[in-house]
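Position 58 of the sequence shown, counted from 1, bears residue number 61 in the working numbering, the numbering being contiguous throughout.
This report concerns only the one structure given below.
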Amino acid sequence: MRVVRYEERVKIPENVKVNIDGKRVTVEGPLGKITKDFSHARVNIRKEEGEIVVETFFARKKEYAVVKTIASRINNMIIGVTRGFRYKMKVVYAHFPMSITVNNEKRLIIIENFLGRKEKRYAKIVGDVKVTVQKDDVIVEGIDIDSVSQTCANIHLATHLTGEERLCPHGREGGPGVLDGIYLYA
4 MRVVRYEERV KIPENVKVNI DGKRVTVEGP LGKITKDFSH ARVNIRKEEG EIVVETFFAR
64 KKEYAVVKTI ASRINNMIIG VTRGFRYKMK VVYAHFPMSI TVNNEKRLII IENFLGRKEK
124 RYAKIVGDVK VTVQKDDVIV EGIDIDSVSQ TCANIHLATH LTGEERLCPH GREGGPGVLD
184 GIYLYA
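Set out below in structure tokens:
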């Protein structure tokens, strides 16, 4: 079944400026500026009386869902430039303490002594994201939720063990496996 017309509205706060050029949306606020391109979607985006209207015509289920997704992403852009996003990750180890350093020039996070191994593991910092390390916590901050969450995923995957690499603490097959790693907790 097709819906003739469907729209979602996103309110624009007073301290935020929004510029819409076709399907390219730029949101500017106190913390910075984010631009995203939604030209891949069959939607219309326009600004109307302090609101952003995302609409589609003769939509099936997929186009209907895309309207809600794009409205949600624009809302996340507004939240990002007003409040920002902060994710906290916990460094968990049983025996060998990991050492984590941030190389801002190369935009990398270097993880050393993971499970007592000599090789270093690297995680890429995506976009304009600030990463700080405090003892056993890694704090990832930024205004773009996509960049912040992808950086957290990169950090987690750098210490994630799969397949044959996953060790059992008892020296035999099965069991809970090693829980060492860096995990998101807030």
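Idealized CB from N, CA, C, for every residue including glycine.
query = Which one or two residues does DSSP pair with valine 28 in a beta bridge?
reply = For the purposes of this step, residue 28 is identified with residue 25 of the sequence shown, where counting begins at 1. BP columns for valine 28 point to Ile23 and Lys39.
inquiry  = Bridge partners for glycine 130 per DSSP, in chain order?
reply    = Within the sequence shown, residue 130 is the residue found at index 127, counting from 1. Answer is none; glycine 130 lacks a bridge partner.
task = Please go through the same chain and pick out, in chain order, the residues whose beta-carbon is closer than 6 Å to the beta-carbon of threonine 29, but skip the five residues on each side of it.
result = Counting from one through the sequence shown, the residue named residue 29 turns up at place 26. Cβ neighbours of threonine 29 beyond the five flanking positions: Asn22 and Thr38.
request  = Report yes or no: do the region 135 to 154 and the region 89 to 106 share at least 3 C-beta pairs separated by less than 8 Å?
outcome  = Contact between the region 135 to 154 and the region 89 to 106 is present, with at least three C-beta pairs closer than 8 Å.
inquiry  = Does threonine 104 pass the burial test, meaning 16 or more other C-beta atoms within 10 Å, or should it be called exposed?
reply    = Sequence index remark: in the sequence shown, residue 104 carries index 101 (1-based). So threonine 104 counts as exposed.
query = Just reading off the beta strand (DSSP E) that glutamate 51 is part of, what are its end residues?
reply = If you number the sequence shown from 1, residue 51 lands on position 48. Where glutamate 51 is concerned, the enclosing beta strand (DSSP E) stretches over 47 to 51.
message = Beta-carbon within less than 7 Å of arginine 110's beta-carbon, same chain only, minus the 5 sequence neighbours each way: which residues are those?
response = Here residue 110 is taken as the residue at index 107 of the sequence shown, counted from 1. The residues Lys127 and Ile128, in chain order, have a CB closer than 7 Å to that of arginine 110 in the same chain once the five nearest residues on each side in sequence are set aside.
request  = Might you give, ordered along the chain, the residues of its own chain that have their beta carbon closer than 6 Å to the beta carbon of alanine 194, omitting 5 neighbours on each side?
outcome  = The question about residue 194 has no answer, for the chain in this structure spans 4 to 189.
message = Checking the sheet assignment: what are the DSSP bridge partners for glutamate 58?
response = The residue you call residue 58 lines up with position 55 of the sequence shown. Paired residues: Glu10 and Asn47.
query = Are the Cβ atoms of glycine 166 and glycine 87 separated by less than 8 Å?
reply = The residue given as residue 166 occupies position 163 in the sequence shown. The residue given as residue 87 occupies position 84 in the sequence shown. The answer is no: Cβ separation not under 8 Å.
query = How many angstroms separate the CA atom of lysine 121 from the CA atom of glutamate 115?
reply = Here residue 121 refers to the residue found at position 118 of the sequence shown. Here residue 115 refers to the residue found at position 112 of the sequence shown. Spanning the two alpha carbons is a distance of roughly 7 Å.
query = histidine 159 and leucine 187: beta carbons closer than 8 Å?
reply = Numbered from 1 along the sequence shown, position 156 holds the residue referred to as residue 159. Numbered from 1 along the sequence shown, position 184 holds the residue referred to as residue 187. In contact: histidine 159 and leucine 187 (Cβ atoms closer than 8 Å).
key: Residue span of the alpha helix (DSSP H) that contains asparagine 106, given as start and end   = Taking the sequence shown and counting its residues from 1, one reaches residue 106 at position 103. Taken as a continuous stretch (DSSP letters only), asparagine 106 belongs to no alpha helix (DSSP H), being part of the beta strand (DSSP E) at 102 to 106.
key: Contiguous beta strand (DSSP E) assignments of at least 3 residues, all confined to the region 60 to 122   = Positions of the beta strand (DSSP E) runs, each at least 3 residues long and wholly inside the region 60 to 122, are given as 88 to 95, 102 to 106 and 111 to 115 in order along the chain.
query = If you count every other CB in all the chains shown that lies within 10 Å of the CB of methionine 80, and 16 or more means buried, which is it?
reply = For the purposes of this step, residue 80 is identified with residue 77 of the sequence shown, where counting begins at 1. So methionine 80 ends up on the buried side.
message = Are the CB atoms of valine 84 and glycine 32 within a distance shorter than 8 Å?
response = Counting from 1 along the sequence shown, the entry for residue 32 is found at position 29. Counting from 1 along the sequence shown, the entry for residue 84 is found at position 81. Cβ distance < 8 Å, so glycine 32 and valine 84 count as in contact.
inquiry  = Mapping the DSSP letters down to three states, classify valine 136 as helix, strand or coil.
reply    = Here residue 136 corresponds to residue number 133 of the sequence shown, with the count starting at 1. Note: valine 136 maps to strand in three-state DSSP.
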